[in-house]
Amino acid sequence: MAFIDLAKAFDTVNRSALWTIFQKIGCPDKFVNILRLLHDDMMATVLDSNGSQSDPFKVESGVKQGCVIAPTLFSIFIAMILHLVDGKLPTGVEIIYRTDGKLFNLNKLKAKTNNITTSVIELQYADDNVVCAHSEEDLQATLNTFAEAYKKLGLSLNIEKTKVLFQQAPAHPSAKPGIQLNGVTLENVDHFRFLGSHLSTKVNLDTEIQHRLSSASAAFFHMKQRVFDDRDIRRETKVLVYKAIPLPTLLYACEMWTVYRRHTQLLERFYQRCLRKILQISWEDRRTNVSVLEEAKTTSIEAMLLRHQLRWTEGHVVRMLDHHLPKQLIYSELKNGKWNVGGQE
Numbered sequence: 003m004a005f006i007d008l009a010k011a012f013d014t015v016n017r018s019a020l021w022t023i024f025q026k027i028g029c030p031d032k033f034v035n036i037l038r039l040l041h042d043d044m045m046a047t048v049l050d051s052n053g054s055q056s057d058p059f060k061v062e063s064g065v066k067q068g069c070v071i072a073p074t075l076f077s078i079f080i081a082m083i084l085h086l087v088d089g090k091l092p093t094g095v096e097i098i099y100r101t102d103g104k105l106f107n108l109n110k111l112k113a114k115t116n117n118i119t120t121s122v123i124e125l126q127y128a129d130d131n132v133v134c135a136h137s138e139e140d141l142q143a144t145l146n147t148f149a150e151a152y153k154k155l156g157l158s159l160n161i162e163k164t165k166v167l168f169q170q171a172p173a174h175p176s177a178k179p180g181i182q183l184n185g186v187t188l189e190n191v192d193h194f195r196f197l198g199s200h201l202s203t204k205v206n207l208d209t210e211i212q213h214r215l216s217s218a219s220a221a222f223f224h225m226k227q228r229v230f231d232d233r234d235i236r237r238e239t240k241v242l243v244y245k246a247i248p249l250p251t252l253l254y255a256c257e258m259w260t261v262y263r264r265h266t267q268l269l270e271r272f273y274q275r276c277l278r279k280i281l282q283i284s285w286e287d288r289r290t291n292v293s294v295l296e297e298a299k300t301t302s303i304e305a306m307l308l309r310h311q312l313r314w315t316e317g318h319v320v321r322m323l324d325h326h327l328p329k330q331l332i333y334s335e336l337k338n339g340k341w342n343v344g345g346q347e
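According to my numbering, the sequence shown is numbered sequentially starting from 3.
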């Protein structure tokens, strides 16, 4: 897979192309003219570190930073990329799925009928885009197609920040691919941070858990002196603050995690350590973890993970319509390859 990075995406939107897109999708001329007037003759200044302000200059491209309608304008603009590449992309990573059975009943996928095949080619959120392919040749062709589409809309790729993550089959090791853009070979990485989560070639959560522990620790100690060490603040309030900031940082995107016992233990240790500092419990008190949780009126990390994952899976994904990709993925398996003990080919 390749993670595409756009150079100054919001600031380089071609406004003429944007207004044309709105007209093509059927927006009334009056509405388009209002949007155009909001951006025409836009001026800006630069404030340096000394407080000096530059002379005003005209800004003729991009959407307004901080404007409430800017994200919507950019989303519609970037969605045109999908129309430009439609029908031109090679097959991505193929999956087979069926949603007429139980969630974990994979035996139905072995049937020769009623199974549906689809491809995961690209995953896009705002200006973050990752493209997937089953071979080096397909990934190169996919990247070339997207690069051409971006160029048509006046957007340029940041080649230095565009990375390739190659997941090779354990039973068939091979050399890393040499994917190129504009004659420059893209860097191959073993892990990449995408939308706040780390994806790794090891196909486990080791890197992500360490990152979550580091981020949650920084969030906790940033508030330690002001909140958690303040004797004028009630313990109940401190626990609520902990649940509102450091804990969500620790469990960010945990709905997607497949944890092993070692991961849960690392998270529980950090969780208990923070609670004991908040409740002023030392190791000399010889308190059990259960008693600490009872005093804080909270549950264990393991219980929280289960609640988050069940709420996301049963409460959201299973209720989605069948054409939604998250539902297809959760009821699917890869079309190519087979499961072996200890790994997948």
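All C-beta atoms, glycine included, are put in the ideal place defined by N, C-alpha and C.
Within 10 angstroms of the Cβ of H265, are there 16 or more other Cβ atoms? Answer buried if so, exposed if not.
buried
Report the three-state DSSP secondary structure of S334 (helix, strand or coil).
strand
Starting from the C-beta of I235, find all residues in its chain whose C-beta is less than 7 Å away, skip the five residues before and the five after it, and write them out in chain order.
V229
Taking just the CA atoms, how far does I36 sit from D50?
33 Å
Does DSSP classify T120 as helix, strand or coil?
strand
Contact under 8 Å by Cβ, L167 with T203:
yes
According to DSSP, which residues form a beta bridge with L8?
L159
Identify the residues that DSSP records as bridge partners of H193: which are they?
S202
Length at least 3, wholly inside the segment 75-105: the beta strand (DSSP E) runs in chain order:
95-99
Could you compute how far the alpha carbon of E96 sits from the alpha carbon of V319?
20 Å
Could you spell out the range, first to last residue, of the beta strand (DSSP E) harbouring L165?
A small fix is needed here, since residue 165 is Lys in this sequence, not Leu. 165-167 is the extent of the beta strand (DSSP E) around K165.
Note the first and the last residue of the continuous alpha helix (DSSP H) segment covering V15.
Premise fails: V15 is in no alpha helix (DSSP H) and is neither H nor E.
One question on the structure: do D1 and L8 come within less than 8 Å of each other, judged by their Cβ atoms?
Residue coverage of the chain in this structure runs from 3 to 347, which leaves residue 1 outside it and unanswerable.
If you compare alpha carbons, which of G317, L20, I303 is closest to H2?
This structure cannot speak to residue 2, because the chain is shown only from 3 to 347.
Just to check my reading of the structure: M45 and V70 have Cβ atoms closer than 8 Å, yes? What is that Cβ distance to the nearest angstrom?
Not a contact, Cβ separation roughly 20 Å.
Enumerate in chain order the residues of its own chain whose CB-to-CB distance from K245 is below 8 Å, with the five nearest sequence positions on each side excluded.
T300
Give a yes or no on whether the C-beta atoms belonging to P58 and T47 are separated by under 8 Å.
yes
Cβ-based burial, I118 [other Cβ within 10 Å; buried from 16]:
exposed
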